[in-house]
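Undergrad: For the sequence shown, this note's numbering begins at 28 and goes up steadily by one.
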Amino acid sequence: MSDIAQAWLDFDIRNDPEFENIIKPFIENQLKELELYDRQRLARNPDIQYIFHKHAYDVSDDVRKTAAHLGQPEQVQEALYWAMLAHDIGKRMVPVEAWDKPGKPTPEEKALTRQHPDLGLALLDDHLGDLDHPFVDLMRDVIKYHHAHMDGSGTPPGITGDMLSKPVRLCAIVEAFDGYTKPRPDRPTPRSAAEALDKMHHDPDKGAKMYDMELLAAFTSVKLGTPSGNAPTPHKPASKAVSVGSV
Numbered sequence: 028m029s030d031i032a033q034a035w036l037d038f039d040i041r042n043d044p045e046f047e048n049i050i051k052p053f054i055e056n057q058l059k060e061l062e063l064y065d066r067q068r069l070a071r072n073p074d075i076q077y078i079f080h081k082h083a084y085d086v087s088d089d090v091r092k093t094a095a096h097l098g099q100p101e102q103v104q105e106a107l108y109w110a111m112l113a114h115d116i117g118k119r120m121v122p123v124e125a126w127d128k129p130g131k132p133t134p135e136e137k138a139l140t141r142q143h144p145d146l147g148l149a150l151l152d153d154h155l156g157d158l159d160h161p162f163v164d165l166m167r168d169v170i171k172y173h174h175a176h177m178d179g180s181g182t183p184p185g186i187t188g189d190m191l192s193k194p195v196r197l198c199a200i201v202e203a204f205d206g207y208t209k210p211r212p213d214r215p216t217p218r219s220a221a222e223a224l225d226k227m228h229h230d231p232d233k234g235a236k237m238y239d240m241e242l243l244a245a246f247t248s249v250k251l252g253t254p255s256g257n258a259p260t261p262h263k264p265a266s267k268a269v270s271v272g273s274v
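1) Under 8 angstroms between the Cβ atoms of Val163 and Val195?
2) Taking Ile116 as the reference, give the member of Leu146, Ala221, Arg68, Thr182 with the closest Cα.
3) Does Ala70 pass the burial test, meaning 16 or more other C-beta atoms within 10 Å, or should it be called exposed?
4) The alpha helix (DSSP H) with Pro129 in it runs from where to where?
5) Short check: CB of Lys131 to CB of Leu148, under 8 angstroms?
6) Taking a contact to mean a Cβ-Cβ separation below 8 angstroms, would you say His229 touches Ala235 in this structure?
7) Give the straight-line distance between the Cα atoms of Lys209 and Leu158, rounded to the nearest whole angstrom.
8) If we call anything under 8 angstroms between Cβ atoms a contact, is Leu243 one with Met227?
9) I'd like to confirm the pairing. Which residues does DSSP put opposite Asp174 in its beta bridges?
10) Report back the beta-carbon spacing between Ala203 and His96 to the nearest angstrom; my notes put them in contact at under 8 angstroms.
11) Tell me, please, which residues DSSP counts as bridged to Thr335.
12) Residues in its own chain within less than 7 angstroms of Gln67 by CB, not counting five upstream and five downstream?
13) Given a threshold of 16 other Cβ atoms within 10 Å of its Cβ, counted over all protein chains shown, does Ala175 qualify as buried or as exposed?
14) Which stretch, first to last residue, makes up the alpha helix (DSSP H) that contains Asn56?
15) Where does the unbroken alpha helix (DSSP H) through Arg196 begin, and where does it stop?
16) Measuring alpha carbon to alpha carbon, tell me which residue in Arg218, Gln76, Val201, Lys51 is nearest Met237.
17) Apply the 10 Å Cβ neighbour rule to Ser192 and answer buried if 16 or more other Cβ atoms are within range, or exposed otherwise.
18) In chain order, what residues of the same chain have a beta carbon less than 8 angstroms from the beta carbon of Gln102, not counting five sequence neighbours either side?
19) Could you pull the start and end residues of the alpha helix (DSSP H) that Met227 belongs to?
20) Which stretch, first to last residue, makes up the alpha helix (DSSP H) that contains Glu47?
21) Using the three-state DSSP reduction, which class does Arg214 fall into: helix, strand or coil?
22) Which two residues bound the contiguous alpha helix (DSSP H) that contains Tyr108?
23) Roughly how many angstroms lie between the CA atoms of His114 and Arg214, to the nearest whole one?
24) Within 10 angstroms of the Cβ of Asp232, are there 16 or more other Cβ atoms? Answer buried if so, exposed if not.
25) At what residues does the alpha helix (DSSP H) containing Asp37 begin and finish?
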């Protein structure tokens with residue numbers, strides 16, 4: 028893992044020649060390739076709604092908005108936006124038929140699609156591996172650890188919160204939320220924003236232990252308009268009168 032401080036970023040990519048001339052074109056080209064890959068997916072299944080390159084822009088916007096809500100300067104917001112844009116570039120290196128299957132994926136199918144962070148790192152290293160730049164270090168960590176969890180239960184397994192920078196923790200939160208709220212062939216009815224955030228705040232197994240709760244509170248405020256630090260009220264299914272435990 029690269030040596031990124033546990034705090035926020037101390038570099039500025041705005042008007043940085045290496046970023047403008049080398050790094051930014053790489054990210055833009057990868058997103059174009061990802062869009063072409065999405066067209067292959069849509070040709071196989073025109074009904075899919077989880078479009079990878081659109082997902083990249085959605086989560087990048089949310090990361091930038093949350094950083095702004097946290098009072099981070101524009102240089103941090105911009106760096107996080109561009110780093111998150113690249114987080115899923117490795118998905119296009121997975122055989123296209125591995126995605127969008129109806130029903131719950133098999134362990135073998137999961138193992139195949141979960142290779143996308145490492146495949147993304149390989150793309151990054153092939154194109155920018157010789158470039159010594161702090162943004163490349165950030166991008167490398169976001170690509171590799173955007174599915175990591177604070178308790179070590181994510182991907183890669185065993186990577187815990189003390190090993191993750193604040194920017195990466197925020198990216199993991201936004202990535203998980205978007206996954207809960209977008210329809211997929213194996214989960215055609217997604218959660219609402221409130222339901223997803225409730226799970227992330229309160230579920231004892233699949234929520235509260237997995238995320239940086241301070242950052243999750245800020246993200247919740249951005250998505251639901253609640254005061255920063257206030258978790259959503261636990262959701263109560265209509266057929267039950269049992270409340271979900273608090274954090």
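Heads up, the beta-carbon is just placed ideally off N, CA and C, and yes, glycines get one too.
TA: Looking at the coordinates:
1) Not in contact: Val163 and Val195 (Cβ atoms no closer than 8 angstroms).
2) Sorting Leu146, Ala221, Arg68, Thr182 by C-alpha distance to the C-alpha of Ile116 places Leu146 at the top.
3) By the 10 Å Cβ count, Ala70 comes out exposed.
4) Note, Pro129: premise wrong, no alpha helix (DSSP H); not H, not E.
5) Not in contact: Lys131 and Leu148 (Cβ atoms no closer than 8 angstroms).
6) In this structure, Ala235 lies closer than 8 angstroms to His229 by Cβ.
7) A direct Cα-to-Cα measurement between Lys209 and Leu158 gives close to 35 angstroms.
8) Taking 8 angstroms as the Cβ cut-off, Leu243 and Met227 qualify as a contacting pair.
9) According to the sequence displayed, residue 174 carries His and not Asp. Residue pairing by DSSP puts His174 in a beta bridge opposite Thr182.
10) Incorrect: roughly 18 angstroms between the Cβ atoms, too far for contact.
11) The structure shown does not extend to residue 335, since the chain spans only 28 to 274, so no value can be given for it.
12) Within its own chain, the residues whose Cβ lies closer than 7 angstroms to the Cβ of Gln67, once the five positions on either side in sequence are excluded, are Val123, listed in chain order.
13) The residue is buried, with at least 16 neighbouring Cβ atoms inside 10 Å.
14) Its alpha helix (DSSP H) spans residues 51–71.
15) Segment 193–208, the alpha helix (DSSP H) holding Arg196.
16) Distances from the alpha-carbon of Met237 to those of Arg218, Gln76, Val201, Lys51 put Val201 closest.
17) Buried, because 16 or more other Cβ atoms sit within 10 Å of the Cβ of Ser192.
18) Only Leu36, Phe38, Asp39, Ile40, Arg41 meet the Cβ criterion.
19) Segment 220–229, the alpha helix (DSSP H) holding Met227.
20) For Glu47, no alpha helix (DSSP H) run applies, since DSSP gives it neither H nor E.
21) DSSP places Arg214 in strand when its eight states are reduced to three.
22) Where Tyr108 is concerned, the enclosing alpha helix (DSSP H) stretches over 101–112.
23) Roughly 22 angstroms between the two C-alpha positions.
24) When all chains shown are included, Asp232 counts as exposed.
25) First-last for Asp37: undefined, no H or E at that position.
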